[in-house]
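S.K.: Okay, so the sequence shown: first residue is 105 according to my numbering, each after it adds one. Quick reminder that beta carbons are idealized off the backbone N, C-alpha and C, glycines included.
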Amino acid sequence: VHTDGSNASEYCAYEFESIADQEKGYKIYINGGNKDSIFLGKNFGTITVKQGYEMLPCHVFLCMNKNINCSIPEVIEAIGQLENLSIALDEDVSGKKTFEAYNDVLSALGYIQGYLIIQKEKEIYMKKYIIKNNKCEFVPTTNKYQNLTIKEVNDCNLNGIFIKNADKRFMGVKDGKILLEGDETGLFVEMTILKWLIAPGYAYDLKKPVQTSTTPYPCLRKPGRC
């Protein structure tokens with residue numbers, strides 16, 4: 105992966121480095137520009153990404169590369185419509201990298217929760233569920249902003265993020281739910297992309313040494329929410 109040094113290209117490169125099969129030798133050149141575009145040749149590809157945090161062509165390239173049926177704009181819109189930060193994980197999901205990516209998504213959601221509570225003085229909860237036999241079983245969730253220990257089992261009729269084991273790889277929105285489906289590799293890539301969609305600046309710093317900053321990270325949510 106080669107960049108031109110622009111912020112957008114560096115964000116894109118960081119995302120690729122956590123996923124791409126570097127040993128295959130396919131070269132990607134990433135440049136910042138005024139519009140998004142992708143060119144893919146036999147031995148190399150060129151991605152132009154607009155300055156900012158959306159990084160749409162970067163996410164699209166990863167979906168193409170990993171044969172994932174993605175609808176990134178729909179996911180971005182659905183993230184902005186979440187009233188609570190609910191996430192449901194299929195009990196059949198497995199794999200070390202998959203759970204590492206899942207924990208990164210939880211960290212990004214936790215960052216969003218803290219941002220909304222501290223910066224916007226908005227009460228919002230992060231709710232984790234395990235999907236068992238088509239039912240969503242609440243997992244007690246405690247952090248510095250909440251201590252939820254309630255017992256709850258529902259029909260999964262809630263808006264949120266659903267991560268399911270499946271034969272086909274899919275990342276999009278169905279019935280108002282953000283849906284990630286696939287095998288171990290597919291889910292790993294999809295959750296890595298999702299982490300960047302939720303809080304890209306925060307995701308970028310997950311791969312860097314911890315730094316002290318008083319500037320909130322941007323995130324892709326409704327104006328006024330983040």
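(1) How is the beta strand (DSSP E) around Cys240 delimited, first residue to last?
(2) Between Gln250 and Met275, what straight-line distance do the alpha-carbon atoms span, to the nearest angstrom?
(3) What does Phe148 pair with, by DSSP beta-bridge criteria?
(4) Rounded to the nearest angstrom, what separates Leu213 and Leu160 at their Cα positions?
(5) Quick check on the DSSP output: the alpha helix (DSSP H) that includes Lys201 runs from which residue to which?
(6) Looking at the structure shown, is Asp309 part of a helix, part of a strand, or coil, going by DSSP?
(7) Can you tell me whether Asn258 is helix, strand or coil according to DSSP?
(8) Can you grab the Cα-Cα spacing for the pair Leu284 / Lys268, in whole Å?
(9) Who are Gln250's beta bridge partners in DSSP?
(10) Let me check one thing: in DSSP terms, what residues is Glu285 bridge-paired to?
(11) Cβ atoms of Thr202 and Phe143: under 8 Å apart, would you say?
(12) Which first and last residues belong to the alpha helix (DSSP H) in which Tyr115 is found?
(13) Mapping DSSP to helix, strand and coil, what is Met295?
(14) Does the contact criterion of 3 or more C-beta pairs under 8 Å hold for the segment 251-259 versus the segment 234-243?
(15) How many whole angstroms separate the CB atoms of Lys236 and Glu195, which I take to be in contact at a CB cut-off of 8 Å?
(16) Tell me the rounded alpha-carbon separation between Ile282 and Gly264.
(17) What residues in its chain sit with their C-beta under 6 Å from that of Tyr215, if we drop five residues either side in the sequence?
(18) With distances taken Cα to Cα, identify the nearest neighbour of Ile134 among Lys146, Val153, Ile123 and Glu119.
(19) Taking Ala192 as part of the beta strand (DSSP E), name the residues at either end of that continuous run.
M.R.: Let's see:
(1) For this step, residue 240 is matched to residue 136 along the sequence shown. Cys240 -> beta strand (DSSP E) spans Lys239 to Val243.
(2) Position 146 of the sequence shown, counting from 1, holds the residue named residue 250. Position 171 of the sequence shown, counting from 1, holds the residue named residue 275. Cα-Cα distance, rounded: 29 Å.
(3) Position 44 of the sequence shown, counting from 1, holds the residue named residue 148. Answer is Lys131.
(4) Counting from 1 along the sequence shown, the entry for residue 213 is found at position 109. Counting from 1 along the sequence shown, the entry for residue 160 is found at position 56. When rounded, the distance between both Cα atoms is 20 Å.
(5) Reading the sequence shown from its first residue, position 97 is the one you call residue 201. Here the alpha helix (DSSP H) through Lys201 covers Lys200 to Gln223.
(6) Counting from 1 along the sequence shown, the entry for residue 309 is found at position 205. Correct three-state label for Asp309: helix.
(7) Taking the first residue of the sequence shown as position 1, residue 258 is located at position 154. In the structure shown, Asn258 sits in a strand (DSSP, three-state: E or B).
(8) Here residue 284 corresponds to residue number 180 of the sequence shown, with the count starting at 1. Here residue 268 corresponds to residue number 164 of the sequence shown, with the count starting at 1. Taking the straight line joining both Cα atoms gives about 6 Å.
(9) Your numbering for residue 250 matches position 146 in the sequence shown. Per DSSP, Asn247.
(10) For this step, residue 285 is matched to residue 181 along the sequence shown. Bridge partners of Glu285: Lys268 and Phe274.
(11) For the purposes of this step, residue 143 is taken as the residue at position 39 of the sequence shown. For the purposes of this step, residue 202 is taken as the residue at position 98 of the sequence shown. Going by C-beta atoms, Phe143 is not nearer than 8 Å to Thr202.
(12) Taking the first residue of the sequence shown as position 1, residue 115 is located at position 11. Here the alpha helix (DSSP H) through Tyr115 covers Asn111 to Glu121.
(13) On the sequence shown, residue 295 is found 191 positions in, with the first residue counted as 1. Met295: helix per DSSP, three-state reduction.
(14) yes
(15) If you number the sequence shown from 1, residue 236 lands on position 132. If you number the sequence shown from 1, residue 195 lands on position 91. That pair is a contact at about 5 Å.
(16) Here the question's residue 282 lines up with position 178 in the sequence shown. Here the question's residue 264 lines up with position 160 in the sequence shown. Looking at the two C-alpha atoms, the distance is approximately 6 Å.
(17) Counting from one through the sequence shown, the residue named residue 215 turns up at place 111. Around Tyr215: Ala303 and Tyr306.
(18) For the purposes of this step, residue 134 is taken as residue 30 along the sequence shown, with counting starting at 1. Comparing Cα-Cα distances from Ile134 to each of Lys146, Val153, Ile123 and Glu119, the minimum goes to Val153.
(19) What you label residue 192 is simply residue 88 of the sequence shown in a count that begins at 1. Here the beta strand (DSSP E) through Ala192 covers Leu189 to Asp194.
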